[in-house]
Amino acid sequence: DTGVSQDPRHKITKRGQNVTFRCDPISEHNRLYWYRQTLGQGPEFLTYFQNEAQLEKSRLLSDRFSAERPKGSFSTLEIQRTEQGDSAMYLCASSLEPLRTDTQYFGPGTRLTVL
Amino acid sequence: KQEVTQIPAALSVPEGENLVLNCSFTDSAIYNLQWFRQDPGKGLTSLLLIQSSQREQTSGRLNASLDKSSGRSTLYIAASQPGDSATYLCAVETGGGNKLTFGTGTQLKVEL
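Chains as they are written, first to last, in the numbering used here: chain A, 1 to 115; chain B, 116 to 227.
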């Protein structure tokens, strides 16, 4: 399967712990996006990369959140000192730019539960 | 700031019925509008993408229209089936970066 993959699929952690999620995009895609989705809501944009450069960060991305894409391939999203409000589905997507005729391809998501 | 609204929030219909889902957005300066499907606990699957210069797109039993000037889009599903049960999300791309602004979705249930 050559789609977007995310690992882990589920993560349960205690408040105050650090967690890291990984996203592997479709191999030829140079853009990678992170979104967060809480129950009953649509996904909200967090940040995106073009190759290894992080070009935009949402105000939703507090100082406890950091994302990297060191070699322009896979990406990691780390949350430090997790809080119960961080519980959500974290979705990764990728696309090939600058085509605006193509969609973003989403991974299955990582569901985070903070106890 | 772009805001996207979807009506209704939930919809239950008998199998075979034709139905319409609605999406509205506040900033008409969009590059495109997309409709996605999301099954419970899963990621998103793209259904249709309409460029800002287009009026509609069709795929099988699905037809999406776009009226950019009025900030509205509709997704028409013909001859609904139980397998169509899912949450349908509307999203618009505005500004640079290709990031998407999503609505809260319409949860559809098609009953036998």
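Here a beta-carbon is modelled for each residue, glycine too, at the ideal position from N, C-alpha and C.
Predicted model, so just to flag it, every value in this text is computed and none were measured.
Within chain B, the residues whose beta carbon sits less than 7 Å from that of Tyr33 (chain A) are Lys214, listed in sequence order. A distance below 6 Å between beta-carbons, with the five flanking residues on each side excluded, links Thr202 (chain B) to the following residues of its chain, in chain order: Gln153, Gly220 and Gln222. Cβ-Cβ distances below 8 Å link Tyr48 (chain A) to Arg31, Leu32, Tyr33, Trp34, Gln54, Leu55 and Glu56 in the same chain, with the five nearest sequence neighbours on each side left out; the list follows chain order.
Look at Ser143 (chain B): its C-beta is not under 8 Å from any C-beta on chain A. When secondary structure is reduced to three states using DSSP, Asp154 (chain B) falls in the coil class, being assigned neither helix nor strand. Taking 8 Å as the CB threshold, Pro108 (chain A) lines the interface with chain B. If you draw a straight line from the Cα of Thr141 (chain B) to the Cα of Ser62 (chain A), it comes to about 26 Å. Two segments are said to touch when three or more pairs of C-beta atoms, one from each, lie closer than 8 Å; by this definition the region 79-95 of chain A touches the region 11-29 of chain A. In the displayed model, Asn137 (chain B) falls within a strand according to three-state DSSP.
Proximity of the region 156-166 of chain B to the region 123-137 of chain B falls short of the contact definition, fewer than three beta-carbon pairs being nearer than 8 Å. Listed along chain B, the residues sitting closer than 7 Å to Gly42 (chain A) by beta-carbon distance are Leu204, Phe217, Gly218, Thr219 and Gly220.
In the three-state reduction of the DSSP assignment, Asp86 (chain A) falls in the helix class, which pools H, G and I.
For Asp199 (chain B), the secondary structure class from DSSP, reduced to helix, strand or coil, is helix. Listed along the chain, the chain B residues whose CB falls inside 9 Å of the CB of Phe45 (chain A) are Gly212, Lys214, Leu215, Thr216 and Phe217. In this structure, the straight-line span from the alpha carbon of Phe45 (chain A) to that of Tyr105 (chain A) is close to 14 Å. Close to chain A, meaning a Cβ-Cβ distance shorter than 8 Å, are the following residues of the region 153-167 of chain B: Gly156, Lys157, Gly158, Leu159, Thr160, Ser161, Leu164 and Gln166. At the C-beta level, Arg170 (chain B) and Ser139 (chain B) stay beyond 8 Å of one another. Assigned with DSSP and collapsed to three states, Asn213 (chain B) falls in helix. Per DSSP, the beta-bridge partners of His10 (chain A) are A:Arg111. Within 10 angstroms of the beta-carbon of Arg15 (chain A) lie fewer than 16 other beta-carbons, which makes it exposed. Buried is the label assigned to Val114 (chain A), since at least 16 other Cβ atoms lie within 10 Å of its Cβ.
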